[in-house]
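Only one structure is covered here, and it is reproduced in the block below.
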Amino acid sequence: LSSSPEETVMTVVTPAYTTLATASSALVDVTVTPKKQPGRAIVFQYTYFAVSPAVSAAMPTAGLNDVVREVKVQIAYLPYPGKVLVTFGGVEVSSAVHPSSNKKSSLVTFYTRAGLLGTIP
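Structure, rendered in structure tokens:
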């Protein structure tokens, strides 16, 4: 908080907004009320936007058909904590969410299936 006769600047940390399950955004009213002059409250609106999980990085993104490979995928805004289901070529494969993951960035590891394409001549 900083203040002068001309203006007051304050920093407010927004609380988490968890009811955006089906909406892409939500508009909320914010009220700032001076304790010594409650009749001089000001109101403005703040918009929360829903975030959707998105792949930030994946490595490797290609490999040999006859080799099982570990693949690491960095995902932004994956619902955390929680387990994930990974399918590779439509078949469920073993996967794990790294313990250092958080709400903003999650690391998911899985293993490719060998021979998914069958025998390649």
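So that you can map any letter, position 62 of the sequence shown is 66 in our numbering, and since no number is skipped, the others follow by simple counting. C-beta atoms are modelled at their ideal positions from N, C-alpha and C, and glycine is treated no differently.
So, is residue i buried or exposed, given that buried needs 16 or more other C-beta atoms within 10 angstroms?
| i | result |
| --- | --- |
| Leu82 | buried |
| Ser110 | buried |
| Phe114 | buried |
| Ile46 | exposed |
Nearest CA to the CA of residue i: which residue from the options?
| i | options | result |
| --- | --- | --- |
| Gly94 | Arg117, Asn69, Ser29 | Arg117 |
| Val77 | Glu96, His102, Gly119 | His102 |
| Val13 | Val36, Val72, Ala30 | Val36 |
| Ser28 | Glu11, Tyr52, Leu68 | Tyr52 |
| Lys107 | Ala80, Ala54, Thr91, Val72 | Ala80 |
Measure the alpha-carbon distance for residue i versus residue j and round it to whole angstroms.
| i | j | result |
| --- | --- | --- |
| Tyr84 | Ser105 | 8 Å |
| Val3 | Ser6 | No answer is possible for residue 3: the residues shown for the chain start at 5 and end at 125. |
| Pro9 | Ala20 | 33 Å |
| Val112 | Val97 | 12 Å |
| Pro42 | Ala30 | 27 Å |
| Pro57 | Lys40 | 45 Å |
| Glu11 | Pro38 | 13 Å |
| Asp70 | Phe92 | 14 Å |
Residue i bridges to which residues according to DSSP?
| i | result |
| --- | --- |
| Met14 | For Met14, which the question treats as bridged, DSSP gives no partner whatsoever. |
| Ala58 | Ala80 |
| Val101 | Val112 |
| Gln4 | Here the chain has residues from 5 to 125 only, and residue 4 is not among them. |
| Thr91 | Glu96 |
| Ser8 | The partner list for Ser8 (beta bridge, DSSP) is empty, contrary to what the question assumes. |
Beta strand (DSSP E) containing residue i: first to last residue?
| i | result |
| --- | --- |
| Asp126 | Residue numbering for the chain in the displayed model covers 5 to 125; residue 126 lies beyond these limits and cannot be assessed. |
| Lys76 | 74 to 80 |
| Val71 | Segment: none, Val71 is in no beta strand (DSSP E) and carries neither H nor E. |
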